[in-house]
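Okay, so here's the structure we're looking at.
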Amino acid sequence: MESKLSSALRICDKCKTYAELCRTFDEKASPILEQALQSPTVKAPRDHTTPDECSPCVAELREALCTRLGAHEATPAEDDVWFLIYRAVSNLVERQQRKRSRDRGGVSLSTLVTNCFVLLCTRTLPQLDHMKLRWGFLKKERAVLEASDAYVHSNASERRKLQLNATSVLSVFSEKAHKHYFTLVWMVCVEKAGEAALHIHLLHRLGSVVLPHLTNPLVLADYLTGCFSSGGIVSILSLQGLFLLMLDHGLEYPNYYEQLYSLLTPDAFASRHRYELFRLLDLSMTSLRVPSYIAASVIKRVAQVSLMAPAPTLYFTLPFLRKVLQTHPNCIALIHRSSREAVVPEDMAGQDADTATAQSAKAQAMSDTAALFDGRDPFDDRAKLPETHALNSTLWELTALERHFMPVVPLMVSAFSSTAEDKTPLRYEKSYGRLFTAEVTRAIDSHHLPTIAYEAPSEADPTDLLSF
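Below you can see the structure in the form of structure tokens.
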């Protein structure tokens, strides 16, 4: 497959115009791509199976394009080659979608989508100001076209149509044309992700590879909100894309923090995708506009889950808790509560103190604080966000962590007594393997023996198992 595509590209090198190049590419290279994309998969995609394992033939073709199918030996394919590949793939996908199931030649859409995903999963749009071209005549043809009288006297609408015209050389250098073909291919992958069992693998790349280059990223809003509401690993992986839509594209999702709060469970902290959750949790809580009752609830939930989560997660959770406390001063009472004074949420504090709602909120807060000093934690971890009473609780979990078996944990807990701002970047990807490596490779001070001291046995007869 690689040698055939390489030969087809060399034939395309003989072309002199963009129109001739398109015809030659469609005749020589497109059938090779279609054959690869319609080849049956070796196995069905699953959460624990990488798409490359399902379609090794297409994976090898992708690696060849990314490493050695350029105009020069051992160089990656140029940006204009990838543009024509996206154009050919989008045409194939559109044709297959229009066909009835019995007219597809035994090739299912899920197989086609899986192969398209494998081929294009690492490819983003190029920087148009620094495009690498295999066929240098394209730039000259573009300059001639832009200098022509017809183009000079055309209006903006006519120029936009020309840029999206597949037979015009301007489409190669047009961001709209690149995004058009990119969106056509990836939206089919999104629509058929459930059928092709690609949810997990697609969500991994959606925020960084796909979403920034779509014609209208908001078309993914329904897909991402559906994934976010489904729970489990899919919810965690959809966080990044949904957060980017809210941050950069104005998507309104009122229940975002409620859903994020529900994901803070021991199972999520123990999953192999917890690093995505940690990263998005950190980004979501850095805003000063987050209400104190949400910040306090997240602090309490993270602290409680830390007692049951794997030890490496403490390298993230403890600095994260301290960072949120510094960002939201109203939550300082969780670690420095020296009186029975209650903390009233901001939405109640701004109301008239004589209203029934304000009086009720203040009475409830005073009751919660009194219960706390009587040894009962008012925090309700089963309640939804507005009803957790976290602001009137305390971080007794830090006292429990002071006796942790890892020596570094009590040191991190002691940092909560300092008022200095901690600007150390959070560490998301700690694991037991990294902790073990750090422990066995660190220098041991002769004045501080390790937790378990090993004493070599005295020389004795190895056959005498009872000798001491």
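Position one of the sequence shown corresponds to residue 1 (full-length UniProt numbering), numbered consecutively onward.
The C-beta atom is built at its ideal place from N, Cα and C for all residues, glycine as well.
Remember, it's a predicted structure, so these values are computed and weren't measured experimentally.
request  = Using a threshold of 7 Å, state whether the C-beta atoms of residue 29 and residue 8 are closer than that.
outcome  = Residue 29 sits at position 29 when you count from the first residue of the sequence shown. Residue 8 sits at position 8 when you count from the first residue of the sequence shown. Yes, the Cβ-Cβ distance between residue 29 and residue 8 is below 7 Å.
query = Can you tell me the Cα-Cα spacing of residue 68 and residue 434, whole angstroms?
reply = For the purposes of this step, residue 68 is taken as the residue at position 68 of the sequence shown. For the purposes of this step, residue 434 is taken as the residue at position 434 of the sequence shown. So the alpha carbons of these two residues sit roughly 35 Å apart.
Residue range of the unbroken alpha helix (DSSP H) whose run includes residue 399 = Residue 399 sits at position 399 when you count from the first residue of the sequence shown. Looking at the DSSP string, the run of the alpha helix (DSSP H) that includes residue 399 is 397-401.
query = Taking Cβ to Cβ, would you say residue 260 is nearer than 7 Å to residue 251?
reply = Counting from one through the sequence shown, the residue named residue 260 turns up at place 260. Counting from one through the sequence shown, the residue named residue 251 turns up at place 251. Against a cut-off of 7 Å, the Cβ pair of residue 251 and residue 260 comes out as no contact.
Length of the line joining the Cα atoms of residue 241 and residue 226 = By one-based count along the sequence shown, residue 241 stands at place 241. By one-based count along the sequence shown, residue 226 stands at place 226. Their backbone Cα atoms lie some 12 Å apart in a straight line.
Bounding residues of the alpha helix (DSSP H) (the contiguous stretch that carries residue 63) = As a position in the sequence shown, residue 63 is number 63, starting the count at 1. From DSSP, the alpha helix (DSSP H) with residue 63 extends over 56-67.
ask   = In this structure, does DSSP put residue 215 in helix, strand or coil?
value = Counting from 1 along the sequence shown, the entry for residue 215 is found at position 215. Of the three classes helix, strand and coil, the one that applies to residue 215 here is coil, per DSSP.
task = Kindly indicate which residue of 201, 195 and 256 has the alpha-carbon position closest to the one of residue 48.
result = Locating residue 48 in the sequence shown gives position 48, counting from the first residue. Residue 48 has its Cα closest to that of 201, out of 201, 195 and 256.
ask   = Buried or exposed: where does residue 484 fall if 16 or more other Cβ atoms within 10 Å of its Cβ makes it buried?
value = No answer is possible for residue 484: it lies beyond the span of the chain, which begins at 1 and ends at 468.
request  = Take the Cβ of residue 405 as the centre, count every other Cβ of all protein chains shown within 10 Å, and call the residue buried at 16 or more, exposed below.
outcome  = The sequence position of residue 405 within the sequence shown is 405, counting from 1. Under this definition residue 405 is an exposed residue.
ask   = What are the boundary residues of the alpha helix (DSSP H) that residue 304 is part of?
value = As a first step, residue 304 is located in the sequence shown; it is residue number 304 there, counting from the start. First-last of the alpha helix (DSSP H) with residue 304: 292-306.
request  = For residue 388, count neighbouring Cβ atoms within 10 angstroms of its own Cβ and tell me buried if that reaches 16, exposed if not.
outcome  = In the sequence shown, residue 388 corresponds to position 388, counting from 1. Classification of residue 388: buried, given that the 10 Å Cβ count is 16 or more.
inquiry  = Please return the same chain residues whose Cβ sits closer than 8 Å to the Cβ of residue 76, not counting the five positions on each side in sequence.
reply    = Counting from one through the sequence shown, the residue named residue 76 turns up at place 76. 65, 66, 67, 68, 69 and 70, listed in sequence order.
query = Does the region 140-147 come close enough to the region 118-129 that 3 or more CB-CB pairs lie under 8 Å?
reply = no
request  = Count the other C-beta atoms from every protein chain shown that fall within 10 angstroms of the C-beta of residue 317, then say buried if there are 16 or more, exposed otherwise.
outcome  = As a working mapping, residue 317 is identified with position 317 in the sequence shown. So residue 317 counts as buried.
message = Buried or exposed, going by whether 16 or more other CB atoms sit within 10 Å of the CB of residue 207?
response = For this step, residue 207 is matched to residue 207 along the sequence shown. It counts as buried.
query = What is the C-beta distance between residue 89 and residue 37, in whole angstroms, given that I count them as a contact (C-beta under 8 Å)?
reply = Working through the sequence shown from its first residue, we reach residue 89 at position 89. Working through the sequence shown from its first residue, we reach residue 37 at position 37. With 8 Å as the limit, residue 89 and residue 37 qualify as a contact, their Cβ atoms being about 7 Å apart.
ask   = Does the count of Cβ pairs from the region 209-217 and the region 130-141 closer than 8 Å reach three?
value = no
Residue range of the unbroken alpha helix (DSSP H) whose run includes residue 172 = One-based indexing of the sequence shown puts residue 172 at position 172. Where residue 172 is concerned, there is no enclosing alpha helix (DSSP H), given that its DSSP letter is neither H nor E.
ask   = residue 293 and residue 169: beta carbons closer than 7 Å?
value = Position 293 of the sequence shown, counted from the first residue, corresponds to residue 293. Position 169 of the sequence shown, counted from the first residue, corresponds to residue 169. Going by C-beta atoms, residue 293 is not nearer than 7 Å to residue 169.
ask   = Hey, quick one: how far does the alpha helix (DSSP H) through residue 139 stretch, first residue to last?
value = Here residue 139 refers to the residue found at position 139 of the sequence shown. Run containing residue 139: 137-147, per the alpha helix (DSSP H) assignment.
query = Distance, Cα to Cα, residue 347 vs residue 46?
reply = Indexing the sequence shown from 1 puts residue 347 at position 347. Indexing the sequence shown from 1 puts residue 46 at position 46. For residue 347, the predicted model reports a pLDDT of 49, less than 50, meaning its position is unreliable; a value from the coordinates is still stated below. Those two C-alpha atoms are separated by around 46 Å.
message = Between which residues of its own chain and residue 92 is the CB-CB distance below 6 Å, once the five residues before and five after are set aside?
response = Taking the sequence shown and counting its residues from 1, the one referred to as residue 92 is at position 92. Around residue 92: 34.
inquiry  = Whole angstroms are fine: how far does the CA of residue 416 sit from the CA of residue 401?
reply    = Counted from its first residue, the sequence shown places residue 401 at position 401. Counted from its first residue, the sequence shown places residue 416 at position 416. About 12 Å.
task = Determine the direct distance from the alpha carbon of residue 224 to that of residue 205, and round the result to whole angstroms.
result = By one-based count along the sequence shown, residue 205 stands at place 205. By one-based count along the sequence shown, residue 224 stands at place 224. When rounded, the distance between both Cα atoms is 13 Å.
Three-state secondary structure (DSSP) of residue 265 = Against the sequence shown, residue 265 aligns to sequence position 265. If DSSP states are grouped into helix, strand and coil, residue 265 belongs with coil.
query = With burial defined as no fewer than 16 other Cβ atoms inside 10 Å of the residue's Cβ, what is the status of residue 199: buried or exposed?
reply = To locate residue 199, count along the sequence shown from 1; it is residue 199. Classification for residue 199: buried.
ask   = Of all the options 274, 229, 311 and 237, which has the alpha carbon lying nearest to the alpha carbon of residue 254?
value = What you label residue 254 is simply residue 254 of the sequence shown in a count that begins at 1. Selected option, being the one with the closest Cα: 229.
task = Just tell me which of 197, 303, 154 and 138 has its CA closest to the CA of residue 381.
result = Reading the sequence shown from its first residue, position 381 is the one you call residue 381. Minimum Cα distance to residue 381 is reached at 303.
query = Leaving out five residues before and five after residue 176 in sequence, what residues of the same chain have Cβ atoms less than 8 Å from its Cβ?
reply = Within the sequence shown, residue 176 is the residue found at index 176, counting from 1. Excluding residues within five positions, the ones whose Cβ falls inside 8 Å are 160, 163, 164 and 215.
query = According to DSSP, is residue 114 helix, strand or coil?
reply = Translated into positions along the sequence shown, residue 114 becomes position 114. Three-state result, residue 114: helix.
key: Boundaries (first-last residue) of the alpha helix (DSSP H) holding residue 319   = Position 319 of the sequence shown, counting from 1, holds the residue named residue 319. It spans 314-327 - the alpha helix (DSSP H) in which residue 319 sits, taken as one unbroken run.
ask   = Along the chain, where does the alpha helix (DSSP H) that runs through residue 11 open and close?
value = Position 11 of the sequence shown holds residue 11. Element bounds for residue 11: 2-12.
message = Tell me the rounded alpha-carbon separation between residue 151 and residue 141.
response = Looking up residue 151 in the sequence shown gives position 151. Looking up residue 141 in the sequence shown gives position 141. Near 13 Å, if we compare the C-alpha coordinates of residue 141 and residue 151.
Residue range of the unbroken alpha helix (DSSP H) whose run includes residue 79 = By one-based count along the sequence shown, residue 79 stands at place 79. Taken as a continuous stretch (DSSP letters only), the alpha helix (DSSP H) holding residue 79 covers 79-98.
request  = Classify residue 518 as helix, strand or coil using the three-state DSSP reduction.
outcome  = Outside the displayed range of the chain (1 to 468) lies residue 518, so it cannot be described from this structure.
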